[in-house]
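**Q** Residue numbers (our numbering), protein chains in the order written: chain A, 1 to 428; chain B, 1 to 428. Handing you a structure now.
2 protein chains.
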Amino acid sequence: MNIPLTSNPRVIIIGGGFAGLSLAKKLAKQELQVVLLDKHNYHTFQPLLYQVSTGGLEPDSIAYPIRKVLKDYTNFFFRLANVEEIVPKEKKVITDIGVLKYDYLVLATGSRTNFFGNASIKANSMVMKTIPQSLNLRSLILQNFEKALLKSDLNERNALMNFVIVGAGPTGVELAGALAEIKKGILPKDYPDLDIRQMQINLVQASDRVLPAMSEVSSKKAEHFLEKLGVNVWKDVRVLDYDGEMATTETDVYFNTATLIWTAGVKGATIKGVDDKKFLISGNRLKVNRFNQVEGFEDIFAVGDIALMTEEKFPKGHPMMAQPAIQQGKHLGDNLLRLMNNKKMRPFKYRDKGSMATIGRNKAVVDLPKFKFQGVFAWYVWMFVHLFFLIGFRNRVIVFVNWVYNYIRFDREARLIIRPYVKKVKNA
Amino acid sequence: MNIPLTSNPRVIIIGGGFAGLSLAKKLAKQELQVVLLDKHNYHTFQPLLYQVSTGGLEPDSIAYPIRKVLKDYTNFFFRLANVEEIVPKEKKVITDIGVLKYDYLVLATGSRTNFFGNASIKANSMVMKTIPQSLNLRSLILQNFEKALLKSDLNERNALMNFVIVGAGPTGVELAGALAEIKKGILPKDYPDLDIRQMQINLVQASDRVLPAMSEVSSKKAEHFLEKLGVNVWKDVRVLDYDGEMATTETDVYFNTATLIWTAGVKGATIKGVDDKKFLISGNRLKVNRFNQVEGFEDIFAVGDIALMTEEKFPKGHPMMAQPAIQQGKHLGDNLLRLMNNKKMRPFKYRDKGSMATIGRNKAVVDLPKFKFQGVFAWYVWMFVHLFFLIGFRNRVIVFVNWVYNYIRFDREARLIIRPYVKKVKNA
Numbered sequence: 001m002n003i004p005l006t007s008n009p010r011v012i013i014i015g016g017g018f019a020g021l022s023l024a025k026k027l028a029k030q031e032l033q034v035v036l037l038d039k040h041n042y043h044t045f046q047p048l049l050y051q052v053s054t055g056g057l058e059p060d061s062i063a064y065p066i067r068k069v070l071k072d073y074t075n076f077f078f079r080l081a082n083v084e085e086i087v088p089k090e091k092k093v094i095t096d097i098g099v100l101k102y103d104y105l106v107l108a109t110g111s112r113t114n115f116f117g118n119a120s121i122k123a124n125s126m127v128m129k130t131i132p133q134s135l136n137l138r139s140l141i142l143q144n145f146e147k148a149l150l151k152s153d154l155n156e157r158n159a160l161m162n163f164v165i166v167g168a169g170p171t172g173v174e175l176a177g178a179l180a181e182i183k184k185g186i187l188p189k190d191y192p193d194l195d196i197r198q199m200q201i202n203l204v205q206a207s208d209r210v211l212p213a214m215s216e217v218s219s220k221k222a223e224h225f226l227e228k229l230g231v232n233v234w235k236d237v238r239v240l241d242y243d244g245e246m247a248t249t250e251t252d253v254y255f256n257t258a259t260l261i262w263t264a265g266v267k268g269a270t271i272k273g274v275d276d277k278k279f280l281i282s283g284n285r286l287k288v289n290r291f292n293q294v295e296g297f298e299d300i301f302a303v304g305d306i307a308l309m310t311e312e313k314f315p316k317g318h319p320m321m322a323q324p325a326i327q328q329g330k331h332l333g334d335n336l337l338r339l340m341n342n343k344k345m346r347p348f349k350y351r352d353k354g355s356m357a358t359i360g361r362n363k364a365v366v367d368l369p370k371f372k373f374q375g376v377f378a379w380y381v382w383m384f385v386h387l388f389f390l391i392g393f394r395n396r397v398i399v400f401v402n403w404v405y406n407y408i409r410f411d412r413e414a415r416l417i418i419r420p421y422v423k424k425v426k427n428a
Numbered sequence: 001m002n003i004p005l006t007s008n009p010r011v012i013i014i015g016g017g018f019a020g021l022s023l024a025k026k027l028a029k030q031e032l033q034v035v036l037l038d039k040h041n042y043h044t045f046q047p048l049l050y051q052v053s054t055g056g057l058e059p060d061s062i063a064y065p066i067r068k069v070l071k072d073y074t075n076f077f078f079r080l081a082n083v084e085e086i087v088p089k090e091k092k093v094i095t096d097i098g099v100l101k102y103d104y105l106v107l108a109t110g111s112r113t114n115f116f117g118n119a120s121i122k123a124n125s126m127v128m129k130t131i132p133q134s135l136n137l138r139s140l141i142l143q144n145f146e147k148a149l150l151k152s153d154l155n156e157r158n159a160l161m162n163f164v165i166v167g168a169g170p171t172g173v174e175l176a177g178a179l180a181e182i183k184k185g186i187l188p189k190d191y192p193d194l195d196i197r198q199m200q201i202n203l204v205q206a207s208d209r210v211l212p213a214m215s216e217v218s219s220k221k222a223e224h225f226l227e228k229l230g231v232n233v234w235k236d237v238r239v240l241d242y243d244g245e246m247a248t249t250e251t252d253v254y255f256n257t258a259t260l261i262w263t264a265g266v267k268g269a270t271i272k273g274v275d276d277k278k279f280l281i282s283g284n285r286l287k288v289n290r291f292n293q294v295e296g297f298e299d300i301f302a303v304g305d306i307a308l309m310t311e312e313k314f315p316k317g318h319p320m321m322a323q324p325a326i327q328q329g330k331h332l333g334d335n336l337l338r339l340m341n342n343k344k345m346r347p348f349k350y351r352d353k354g355s356m357a358t359i360g361r362n363k364a365v366v367d368l369p370k371f372k373f374q375g376v377f378a379w380y381v382w383m384f385v386h387l388f389f390l391i392g393f394r395n396r397v398i399v400f401v402n403w404v405y406n407y408i409r410f411d412r413e414a415r416l417i418i419r420p421y422v423k424k425v426k427n428a
């Protein structure tokens with residue numbers, strides 16, 4: 001990999017998400033050699049992926065070049081690489097561009113979509129964890145309407161205009177709301193020769209409320225907002241299967257749909273070598289102690305979605321979202337520096353800053369630890385917080401310009417099929 | 001195609017570029033049914049593609065949804081389609097989504113890259129006529145540097161950092177200049193462990209000056225600007241072949257390069273059915289009369305790059321660029337309306353508004369019919385004109401924000417490998 005050997009200890013960080021980058025910034029200009037590996041050359045601001053899928057934002061405005069983050073840190077090396085395996089006994093990482101030894105290894109690999117073993121759903125559904133995936137969804141949504149225009153068979157046409165979103169967490173709720181706004185404001189003008197009233201947006205949740213990780217009042221209000229926007233909310237309905245044409249459920253509800261978007265679960269993105277059952281607990285996450293050390297290892301750490309750390313208040317681990325990742329990344333940075341200086345590491349403690357979701361124009365729900373609110377003000381807070389956490393001044397300006405424009409003009413101009421999405425062959 | 005039959009005559013326009021859209025706007029709200037066919041659902045602002053390739057602009061800011069252009073025109077139908085053949089005798093157009101009859105047909109198909117029959121160059125070189133192509137080039141440029149980092153063989157590393165641009169028209173010159181600025185301002189920071197001085201930018205032109213379609217003073221000044229930026233300008237050198245590793249020329253100059261970008265020629269994008277040799281003259285363009293009627297047809301018109309119309313001042317036809325396309329599109333719109341009203345059509349006359357090219361920061365050349373100037377002021381004029389002709393208020397703002405940011409910060413943040421470019425297998 002052409003990375004020089006120095007007398008400083010080498011820390012390898014796998015993953016340039018919220019956790020990996022927060023950690024990296026802490027290690028800047030220290031007597032450590034830091035190697036950051038990622039399979040993309042950019043950081044993705046995942047909370048806004050649904051706006052890329054729905055034409056509200058250009059993909060480049062929520063991506064940020066990792067090399068630019070690190071450009072002033074002389075002790076840093078970035079490599080675009082897929083990590084294939086970790087060999088803890090030999091302290092080495094095997095990648096598609098070579099093998100590298102570490103002194104300390106930090107897994108910040110995040111999470112991937114969890115299909116709970118259903119190969120048919122995996123093969124036929126759309127997901128939204130990366131920018132290319134979100135662009136595929138954007139293309140497919142638009143292609144569906146272009147195709148629907150050509151169908152004289154009413155059932156085929158309606159299936160193309162029927163969108164089923166499985167999972168009513170923040171991603172599912174936000175996507176459903178955005179689709180509902182497109183249905184109202186854009187599609188009738190873009191497709192005057194289609195009866196857009198036939199477009200259905202179905203949000204399907206296995207449990208008894210939307211946004212189950214938030215407060216009950218937020219769930220209720222979010223559901224109310226969704227219904228006001230015309231989204232069909234299905235609670236206590238578990239999707240069992242999807243063959244590319246029909247989605248079946250445990251109840252007698254079924255959906256004829258050309259598009260099923262799966263946001264119903266994530267799991268830790270483990271890597272061979274530390275994915276043994278003994279390290280893993282629920283959701284494929286690696287059990288870590290309060291110092292983010294992976295159980296059974298002193299020199300392997302995990303931060304963010306991949307790490308499962310229990311605290312008294314979080315017996316099932318922290319929520320898999322940006323805040324715990326950022327806080328753990330920073331904290332581990334401090335701890336690694338303490339370790340270098342032969343000081344005792346300090347246990348991590350999660351400061352819950354709350355959570356939020358937006359449903360649409362002027363409609364959001366915010367749960368702060370001591371205060372919950374919904375509606376217009378929540379919507380402003382949501383926007384402010386997202387702009388604040390977005391990396392890069394240019395990105396913030398571009399996103400802000402888009403939001404102002406979209407708000408004033410009731411528009412979303414990135415409705416572009418740049419690369420058509422070609423559905424893979426259906427599995428048998 | 002599900003397009004209703006009405007008593008109004010039907011005009012089919014193939015292509016939503018400058019010519020097609022200018023024409024379409026003229027036909028709005030007239031007693032005509034207009035069907036616009038394009039293989040993309042957006043208009044591409046081609047003059048700025050090179051900025052997408054070099055990370056200066058996001059692709060979505062130079063694309064504009066065609067349906068949005070047409071949304072207030074009730075007599076318009078857009079269809080996303082590939083036109084496969086035209087059958088003039090039956091007045092019908094055959095596409096991948098069905099067959100459609102026309103009363104009047106307008107070809108506004110533009111141009112495609114001309115490899116002058118060289119299959120090896122076609123298979124191994126990069127081009128920049130569409131947004132996906134420009135994104136492929138952006139990915140490849142960045143992938144090259146990521147790869148170069150891993151090479152210990154100096155020749156291999158240098159080949160990855162050697163960029164050969166064939167053709168010193170505006171596209172080639174602008175791309176070379178942009179690469180030179182990246183070399184200077186961005187790459188040394190992004191790749192501190194690479195010796196970026198080894199990066200070569202070669203601009204190869206078969207004739208004896210760059211920008212051969214512009215004035216001699218502009219050519220000279222542009223060449224001076226390019227050399228100041230560190231571009232190697234090769235004149236009177238014709239590239240003969242490229243196998244993916246080495247480019248050979250008619251002289252003893254040759255280039256070991258992993259990246260050859262071909263901007264050395266375009267040809268009319270003809271369609272089967274009106275591509276007979278008898279309609280075509282040089283550059284694969286369709287010979288049209290002063291009313292844009294394709295020779296031999298009364299009901300088939302051609303506008304823009306695909307059309308070759310001679311005037312006294314333009315014995316070889318108008319230049320293949322935006323201005324003639326826009327003017328012909330508008331003019332044909334007027335003529336079609338005159339035709340409907342049984343009035344005589346008026347002959348087209350090109351108003352030459354001049355041409356321009358930018359080489360880099362504060363460096364551009366402008367040829368107006370009566371006035372030529374170069375340097376900072378030319379650069380401002382270039383930017384103003386490009387913003388003015390860009391379609392869409394949001395696009396203008398986004399491009400403007402990017403330009404201001406890039407100018408102040410000496411930066412280009414869209415250096416993202418969103419979809420890695422995978423080189424096709426080399427041809428034998």
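Positions of the beta carbon are idealized from the N, C-alpha and C atoms, including for glycine.
Using a cut-off of 9 Å between C-beta atoms, extract the partners of residue 416(A) located in chain B.
**A** Per Cβ cutoff of 9 Å: 40, 41, 42, 59, 60, 63, 64, 65, 131.
**Q** Buried or exposed: residue 380(B), going by 16 or more other Cβ atoms within 10 Å of its Cβ?
**A** It is exposed - the Cβ of residue 380(B) has fewer than 16 other Cβ atoms within 10 Å.
**Q** Going by beta carbon distance, what residues of the same chain come within less than 6 Å of residue 232(B), once the five residues before and after it are set aside?
**A** Answer for residue 232(B): 202, listed in chain order.
**Q** Along chain B, in chain order, which residues have C-beta atoms closer than 7 Å to that of residue 392(A)?
**A** Correct list: 413.
**Q** Confirm, please, whether the CB-CB distance from residue 168(A) to residue 50(A) is below 7 Å.
**A** It is not a contact, given that the beta carbons lie outside the stated cut-off.
**Q** Return the first residue and the last residue of the alpha helix (DSSP H) that residue 139(A) is part of.
**A** 131-148 is the span of the alpha helix (DSSP H), which, as asked, contains residue 139(A).
**Q** Considering just the uninterrupted stretch of the beta strand (DSSP E) at residue 42(A), what are its terminal residues?
**A** Run containing residue 42(A): 42-44, per the beta strand (DSSP E) assignment.
**Q** Is there at least one Cβ from chain A nearer than 7 Å to residue 189(B)'s Cβ?
**A** With 7 Å as the cut-off, residue 189(B) counts as an interface residue toward chain A.
**Q** Residue 225(A): which of 356(A), 362(A), 407(A), 79(A) sits nearest, CA to CA?
**A** Out of 356(A), 362(A), 407(A), 79(A), 362(A) has the C-alpha closest to the C-alpha of residue 225(A).
**Q** Strictly below 7 Å CB to CB, what residues from chain B border residue 149(A)?
**A** Correct list: 2.
**Q** For a contact defined as C-beta to C-beta under 9 Å, what are the partners of residue 152(B) on chain A?
**A** Going along chain A in sequence order, the residues near residue 152(B) (Cβ under 9 Å) are 2.
**Q** Taking the Cβ atom as the reference point for each residue, do residue 110(A) and residue 15(A) lie within a distance shorter than 7 Å?
**A** A contact, by the Cβ cut-off of 7 Å.
**Q** Can you list the residues of chain D that residue 422(B) reaches, using a CB-CB cut of under 9 Å?
**A** In the displayed structure, chain D is absent; the protein chains listed are A and B.
**Q** Quick test of the definition: if touching needs 3 or more C-beta pairs under 8 Å, does the stretch 292-308 of chain A touch the stretch 108-128 of chain A?
**A** With the cut-off at 8 Å, the stretch 292-308 of chain A and the stretch 108-128 of chain A touch.
**Q** Answer yes or no: do residue 367(B) and residue 207(B) have a C-beta to C-beta separation smaller than 7 Å?
**A** Cβ distance not < 7 Å, so residue 367(B) and residue 207(B) don't count as in contact.
**Q** Just the chain B side, please: which residues come within less than 8 Å of residue 77(A) by C-beta, in chain order?
**A** Residues of chain B passing the Cβ test: 193.
**Q** If contacts are defined as beta-carbon pairs under 8 Å, then residue 19(A) and residue 328(A) qualify, I think. What distance do you get, rounded to the angstrom?
**A** With a Cβ gap of about 6 Å, residue 19(A) and residue 328(A) count as contacting.
**Q** Measuring only the C-alpha atoms, how far is residue 48(B) from residue 259(B)?
**A** Using only the alpha carbons, I get a separation of about 20 Å.
**Q** For the alpha helix (DSSP H) containing residue 105(B), list its first residue and its last residue.
**A** From DSSP, residue 105(B) is part of no alpha helix (DSSP H) but of the beta strand (DSSP E) over 104-107.
**Q** Short check: CB of residue 430(A) to CB of residue 182(A), under 7 Å?
**A** The requested residue 430(A) does not occur in the structure, where chain A is confined to residues 1 to 428.
**Q** Are the beta-carbon atoms of residue 406(B) and residue 412(B) separated by less than 7 Å?
**A** Their beta carbons are under 7 Å apart, which means residue 406(B) touches residue 412(B) by this criterion.
**Q** Closer than 7 Å, CB to CB, is residue 92(B) near chain A or not?
**A** False, the Cβ-Cβ gap to chain A never drops below 7 Å.
**Q** Tell me which same chain residues have a C-beta within less than 7 Å of the C-beta of residue 240(B), skipping the five on either side of it?
**A** Taken in chain order, the residues that qualify are 248, 249, 250.
**Q** Could you have a look at residue 374(B) and say whether DSSP puts it in helix, strand or coil?
**A** Three-state result, residue 374(B): strand.
**Q** Quick check on the DSSP output: the alpha helix (DSSP H) that includes residue 120(A) runs from which residue to which?
**A** Taken as a continuous stretch (DSSP letters only), the alpha helix (DSSP H) holding residue 120(A) covers 119-124.
**Q** Let me check one thing: in DSSP terms, what residues is residue 367(B) bridge-paired to?
**A** Residue 367(B) is bridged to 355(B), 372(B).
**Q** Which of the three DSSP states, helix, strand or coil, is assigned to residue 171(B)?
**A** Residue 171(B): helix per DSSP, three-state reduction.
**Q** Using 8 Å for Cβ pairs, my map puts residue 204(B) next to residue 222(B). What's the rounded Cβ distance?
**A** Actually they are not in contact, since the Cβ atoms of residue 204(B) and residue 222(B) sit about 15 Å apart, beyond 8 Å.
**Q** Check whether the Cβ atoms of residue 86(A) and residue 271(A) sit closer than 7 Å, and answer yes or no.
**A** Cβ atoms of residue 86(A) and residue 271(A): closer than 7 Å.
**Q** Name the residue from 5(A), 297(A), 127(A) whose alpha carbon lies nearest to the alpha carbon of residue 263(A).
**A** Of the candidates 5(A), 297(A), 127(A), the one whose C-alpha sits nearest the C-alpha of residue 263(A) is 127(A).
**Q** I'd like to know whether the C-beta atoms of residue 103(A) and residue 238(A) end up nearer to each other than 7 Å.
**A** No. Outside cutoff.
**Q** Mapping the DSSP letters down to three states, classify residue 419(B) as helix, strand or coil.
**A** Coil.
**Q** List, in chain order, every chain A residue whose beta-carbon is nearer than 8 Å to that of residue 146(B).
**A** The answer, in chain order, is 41, 79, 80.
**Q** Could you tell me which chain B residues have their CB closer than 7 Å to the CB of residue 397(A), listed as they occur along the chain?
**A** Simply 401.
**Q** Only counting the same chain, and skipping five residues up and downstream in sequence, which positions put a Cβ closer than 8 Å to that of residue 338(A)?
**A** Excluding positions up to five away in sequence, the list reads 344, 345, 346.
**Q** Taking the alpha helix (DSSP H) that residue 326(A) belongs to, which residues open and close that run?
**A** Looking at the DSSP string, the run of the alpha helix (DSSP H) that includes residue 326(A) is 322-340.
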